[in-house]
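Peer 1: Mind having a look at this structure? Questions to follow.
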Amino acid sequence: MEENIRINKTTEDDGVIFMSVKDEKENDNNTDVVKSTDVTILAIESSCDETAVAIVRNGRTVLSNIISSQIALHTVYGGVVPEIASRKHIEKIDYCVKAALEEAALTFADIDAIAVTYGPGLVGALLVGVSEAKALSFALDKPLIGVHHIEGHICANYIENKDLEPPFVCLVASGGHSHLVVVKDYGEYDIIGQTRDDAAGEAFDKVARAIGLGYPGGPKIDKAAREGNPDAIEFPKTKIEDAEYDFSFSGLKSAVLNYINGLEMKGEQVNQADVAASFQKSVVDVLAEHALKAVKEYGYDKLAIAGGVASNTALRERLEKDCANNGISFYRPSPVLCTDNAAMIGAAAFYEYKKGVRSGLDLNAVPNLPLGERERRFHANK
Amino acid sequence: MKILAIDTSGLVASVAVTDGDILVSEFSIQFKTTHSQILVPMMDAIKKNIGMDLEQIDAVAVAKGPGSFTGLRIGAATAKGLCLALNKPLIPVPTVDGMAYNLYGAEKIICPMMDARRNQVYTGLYTFIPTTHEGTGQITYTMKTIESQMACSIDELTEKINKLGKTVIFLGDGVPVYHDKLEELIQVPFSVALLNHNRQSAASVAALAQKIYEDGGAINGMDFAPDYLRMSQAEREGGSPKGSKKTTKRPGIVRIREMRAEDITEAYELEKESLGHEAWTEKQILEASTRDDTIYVVAEKTGKIVGLCGVRNVSGDGEITNVSVSKAHRNDGIGYKMLKQLIERGKGLGINAYTLEVRASNAPAIRLYEKLGFKCEGIRPSFYTEPADDAAIYWRKEQ
Chain Z
1 MEENIRINKT TEDDGVIFMS VKDEKENDNN TDVVKSTDVT ILAIESSCDE
51 TAVAIVRNGR TVLSNIISSQ IALHTVYGGV VPEIASRKHI EKIDYCVKAA
101 LEEAALTFAD IDAIAVTYGP GLVGALLVGV SEAKALSFAL DKPLIGVHHI
151 EGHICANYIE NKDLEPPFVC LVASGGHSHL VVVKDYGEYD IIGQTRDDAA
201 GEAFDKVARA IGLGYPGGPK IDKAAREGNP DAIEFPKTKI EDAEYDFSFS
251 GLKSAVLNYI NGLEMKGEQV NQADVAASFQ KSVVDVLAEH ALKAVKEYGY
301 DKLAIAGGVA SNTALRERLE KDCANNGISF YRPSPVLCTD NAAMIGAAAF
351 YEYKKGVRSG LDLNAVPNLP LGERERRFHA NK
Chain D
1001 MKILAIDTSG LVASVAVTDG DILVSEFSIQ FKTTHSQILV PMMDAIKKNI
1051 GMDLEQIDAV AVAKGPGSFT GLRIGAATAK GLCLALNKPL IPVPTVDGMA
1101 YNLYGAEKII CPMMDARRNQ VYTGLYTFIP TTHEGTGQIT YTMKTIESQM
1151 ACSIDELTEK INKLGKTVIF LGDGVPVYHD KLEELIQVPF SVALLNHNRQ
1201 SAASVAALAQ KIYEDGGAIN GMDFAPDYLR MSQAEREGGS PKGSKKTTKR
1251 PGIVRIREMR AEDITEAYEL EKESLGHEAW TEKQILEAST RDDTIYVVAE
1301 KTGKIVGLCG VRNVSGDGEI TNVSVSKAHR NDGIGYKMLK QLIERGKGLG
1351 INAYTLEVRA SNAPAIRLYE KLGFKCEGIR PSFYTEPADD AAIYWRKEQ
């Protein structure tokens, strides 16, 4: 998987990083003759600080995957600034669409449908992608498919695991979400657990800031933890009594902050690496224990992970080991497909397309779009 | 030429299709709907009703700003998507210029204004200059821009209008918001445009777009971004210079906002930390901040109050009564940002000069005041006690 992924990166004058992601193995498939039953979807994602456009065939073959990442612009503010993100999306979006078509050596005439993330996310950011997608759909007279961002993350697993089919359990963990989801069928999701307070990724960001690692917290803690001792400090693992699959990370975050304050009061140095490793172990333990338990109790034999936190090395290693020991097949996307991208939106859109789901031109951005009980308000065929 | 024009900069969502000098269709909605939901369906309705072939459009025109940031982006992303799909050029039209075009032919001063919040309007000043053509006797008009579109306070705007001394016609959604203030400050005859000319109109955008197109103002849609006329709040307040890789010592955005009742306890703690026994009591702060001749603002960072300052209007002179920044956040430019805002907001109270007292030995504070244009105009010997110190009197007078 990962070894085939090649990322072409260029940093633009404004600090935005432009990436074209290629799976070399896929490119061989690309020369296949296009069949009339093939469905080629142009997908747009702009829910946070990445402007992304991809072209995906039949939900599993990525023909192009363009990501314009603004992360460097937001670092100075210690987190994503919505207005700055929205402004950059507007500047970049057409270029990403054009690059996606060029990279796939296609024109608009080859596209069967336009897909776009319409929530959840930052409303101003989402609106750029949604408005662009609607204009393309209207001007080209192609069907429009609104996609749930988290469903996209889950579907990222289909891209590199051609054999993965529902049902399975998926652990979704990112800066904004921590969900344990049963994927019953394509496009059918039951949420069995979710966070009561902070998302896992949020806890990473906050702790990273507290120990001076800065933003973004996920990769920084992942890296620092490799030098540290995960058993150096005993941080709590919160269990929720009445909902065994729910998460809570704010207690853990407070424990870390208290620990740091305690040391500072005594005038002692904080060992960044040990705090990072011990904190990370606590998060990984909870995520892995919940996920394993769910797979076993629901009687499935497949576990997938998705979202930014799914690229955390400790979590991947832990789940790989636990799954192998329990006869569970473990699926995870390449790190670049764990972060926000449009290829995953194209994958999710394909299965919606097959089911006949079409969005109307009145599709709106829904910043807190729920997963599971899905928003059908804007679907043309209610 | 055929133009598809869009304006979503304000309260109205408006789409028009023009063909040469004919307005084929215009569809505007000013209702509680969101632009993002109705804009493309409005276009679709026009397309269906006039059997429009989008390929036949020569260009897409869009109100480029100023306006509501989100509204501008909905229009911009839609226009960009259309241009990209149809391979057509984009004509950006300054929003306020487009509004002035509603009153084509008016030889009075035309003043469109949109509510820009924070006590400001997006506005500009225009008039139409007639030219009589020999032979036919027909008059044509050229729009003259007296003040280009900008963001400014009503006070600044009325001052400019009063100086021109000519009859003015107001239009735009800023008029009802600031009507009382306009009545109070304006010294020239004025009227307000009727509802048929009073808001953004895509037809006006198209009419002006034609002229911009003829002057070579069409661009590739890919390179288009709105002209906001304002930086984002984060850049304004937590600002680091564009492109700088400066790492902040204490990350987190500083927000400057008006003080509220629930801030009082935190504000008192801050005062106590920074001023010790000279600090005001909670009751004093509460009383001072709730009067209507005062303005108090606080600096908030990651949910904590890290700075506060306040001013009291004493017959046009602003007496700055408090300036505190928490010890952990000094030298972060918080005092500067707070005072800048305080001075800006003070204009709303009619303050045109500011004064304050400071311990003569407090060099960092004095540096800050001098940076803001304050000048030392006197000393009160031994004004302060524990430790004894002179008070330096500083004044900042509007130029």
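If you read the sequences in order, they're chains Z and D. If you count the first sequence from 1, position 60 lands on 60 in the working numbering, and the numbers rise without skipping. If you count the second sequence from 1, position 375 lands on 1375 in the working numbering, and the numbers rise without skipping. Don't be surprised by glycine CBs; every beta carbon is placed ideally from N, CA and C.
1) Tell whether a beta-carbon distance below 8 Å holds between Ile-1046(D) and Val-1093(D).
2) Reducing DSSP to helix, strand and coil, say where Ile-345(Z) ends up.
3) In three-state DSSP terms, what is Met-1099(D)?
4) Within this structure, are the beta carbons of Leu-122(Z) and Pro-82(Z) separated by less than 8 Å?
5) Kindly indicate the opening and closing residues of the beta strand (DSSP E) around Thr-1317(D).
6) In whole angstroms, give me the CA-to-CA distance for Ile-154(Z) and Gly-201(Z).
7) Mark His-1133(D) as exposed unless 16 or more other C-beta atoms lie within 10 angstroms of its C-beta, in which case mark it buried.
8) Report the option in Tyr-77(Z), Asp-38(Z), Ile-7(Z), Ile-111(Z) whose CA atom is closest to the CA atom of Gln-67(Z).
9) DSSP state of Lys-1371(D), grouped into three classes?
10) To the nearest angstrom, report how far apart Ala-342(Z) and Gln-1056(D) are at their CA atoms.
11) Please confirm if the stretch 269-280 of chain Z is in contact with the stretch 208-226 of chain Z, defined as three or more CB-CB distances below 8 Å between the two stretches.
12) On the DSSP bridge assignment, give the partners of Cys-1376(D) in chain order.
13) Rounded to a whole number of angstroms, what is the C-alpha to C-alpha distance between Gly-187(Z) and Gly-175(Z)?
14) Would you kindly check if the distance between the Cβ of Leu-1208(D) and the Cβ of Tyr-1141(D) is under 8 Å?
15) Relative to chain Z, which residues along the stretch 1134-1167 of chain D have a C-beta separation below 9 Å, given in chain order?
16) If distances are taken between C-alpha atoms only, which option among Lys-1211(D), Ile-1110(D), Glu-1156(D), Gly-1378(D) comes closest to Arg-1359(D)?
17) Report the partner residues of Ser-1232(D) according to the DSSP bridge assignment.
18) Across which residues does DSSP place Val-1254(D) in a beta bridge pair?
19) Less than 8 Å separating the beta-carbons of Val-97(Z) and Val-53(Z)?
20) Closer than 8 Å by beta-carbon distance: list the chain D residues that pair up with Gly-124(Z), in chain order.
21) Measure the C-alpha to C-alpha separation of Phe-1170(D) and Ala-1202(D) and round it to an integer number of angstroms.
22) Assuming Ala-1353(D) and Arg-1396(D) make a contact with CB atoms under 8 Å, what is their CB distance in whole Å?
23) Distance, Cα to Cα, Ala-1218(D) vs Leu-1157(D)?
24) Going by CA-CA distance only, name the one from Tyr-1213(D), Val-1297(D), Lys-1340(D) that's closest to Pro-1263(D).
25) Note the first and the last residue of the continuous alpha helix (DSSP H) segment covering Asp-185(Z).
26) Whole angstroms are fine: how far does the CA of Pro-335(Z) sit from the CA of Pro-166(Z)?
27) Just curious, the alpha helix (DSSP H) that Thr-61(Z) is in, first and last residue?
28) Return yes when the Cβ of Val-207(Z) is within less than 8 Å of the Cβ of Val-256(Z), no when it is not.
29) What residues of chain Z sit near Asp-1044(D), judged by a beta carbon separation below 9 Å?
30) What span of residues does the beta strand (DSSP E) with Pro-1176(D) cover, start to end?
31) Tell me Gln-1200(D)'s beta-bridge partners as DSSP assigns them.
32) To which residues of the same chain is Gly-308(Z) closer than 8 Å at the C-beta, ignoring the five residues directly before and after it?
33) Go ahead and label Ala-1059(D) buried or exposed: buried means 16 or more other beta carbons lie within 10 angstroms of its beta carbon, across all protein chains shown.
34) Give me the Cβ distance between Ile-345(Z) and Thr-117(Z), rounded to the nearest whole Å; I'm assuming they're in contact under 8 Å.
35) Mind checking which residues open and close the alpha helix (DSSP H) that includes Ser-254(Z)?
36) Which residues share a DSSP beta bridge with Arg-57(Z)?
Peer 2: Well, looking at it:
1) Val-1093(D) is positioned such that its CB atom lies no closer than 8 Å to that of Ile-1046(D).
2) DSSP places Ile-345(Z) in helix when its eight states are reduced to three.
3) If DSSP states are grouped into helix, strand and coil, Met-1099(D) belongs with the helices.
4) Taking 8 Å as the cut-off, the Cβ atoms of Leu-122(Z) and Pro-82(Z) count as close.
5) Looking at the sequence provided, one finds Asp at residue 1317(D) rather than Thr. Start and end: 1317-1325.
6) If you draw a straight line from the Cα of Ile-154(Z) to the Cα of Gly-201(Z), it comes to about 16 Å.
7) Taking every protein chain shown into account, the CB of His-1133(D) has fewer than 16 other CB atoms within 10 angstroms, so this residue is exposed.
8) Residue 67(Z) is actually Ile in this sequence, not Gln. Comparing Cα-Cα distances from Ile-67(Z) to each of Tyr-77(Z), Asp-38(Z), Ile-7(Z), Ile-111(Z), the minimum goes to Ile-7(Z).
9) The answer is helix: DSSP assigns Lys-1371(D) an H, G or I state.
10) Inter-residue distance for Ala-342(Z) and Gln-1056(D) is about 32 Å (C-alpha atoms, whole angstroms).
11) Yes, since at least three Cβ pairs between the stretch 269-280 of chain Z and the stretch 208-226 of chain Z fall closer than 8 Å, the two stretches touch.
12) In the DSSP output, where bridge partners are listed per residue, Cys-1376(D) has Tyr-1394(D).
13) Using only the alpha carbons, I get a separation of about 23 Å.
14) Result no, Cβ atoms of Tyr-1141(D) and Leu-1208(D) do not sit closer than 8 Å.
15) Cβ contacts with chain Z come from no residue of the stretch 1134-1167 of chain D.
16) Considering only Lys-1211(D), Ile-1110(D), Glu-1156(D), Gly-1378(D), the residue with the shortest C-alpha distance to Arg-1359(D) is Gly-1378(D).
17) Looking at the DSSP assignment, Ser-1232(D) forms no beta bridge with any residue, so it has no partner.
18) The partner list for Val-1254(D) (beta bridge, DSSP) reads Lys-1301(D).
19) A contact, by the Cβ cut-off of 8 Å.
20) By Cβ distance, chain D contributes Phe-1069, Thr-1070, Arg-1073.
21) One C-alpha to the other measures close to 19 Å.
22) The pair is a contact, with the Cβ atoms about 7 Å apart (cut-off 8 Å).
23) Cα to Cα, Ala-1218(D) sits roughly 31 Å from Leu-1157(D).
24) Residue identity differs from the one stated: residue 1263(D) is Asp in this sequence, not Pro. Looking at the Cα atoms, Val-1297(D) is the closest of the given residues.
25) Note, Asp-185(Z): premise wrong, no alpha helix (DSSP H); beta strand (DSSP E) at 178-185.
26) A straight-line Cα-Cα distance of about 22 Å links Pro-166(Z) and Pro-335(Z).
27) Element bounds for Thr-61(Z): not the alpha helix (DSSP H) but the beta strand (DSSP E), 61-69.
28) Yes. Within cutoff.
29) Per Cβ cutoff of 9 Å: Phe-138, Leu-361.
30) Per DSSP, Pro-1176(D) lies in no beta strand (DSSP E); the unbroken alpha helix (DSSP H) holding it starts and ends at 1174-1185.
31) Partner(s): none; Gln-1200(D) has no beta bridge.
32) Answer for Gly-308(Z): Ala-173, Ser-174, Gly-175, Gly-201, Gly-218, Cys-338, Thr-339, Asp-340, listed in chain order.
33) Residue environment analysis places Ala-1059(D) among the buried positions, since at least 16 neighbouring C-beta atoms fall within 10 angstroms of its C-beta.
34) With a Cβ gap of about 5 Å, Ile-345(Z) and Thr-117(Z) count as contacting.
35) Taken as a continuous stretch (DSSP letters only), the alpha helix (DSSP H) holding Ser-254(Z) covers 250-265.
36) BP columns for Arg-57(Z) point to Thr-40(Z), Thr-61(Z).
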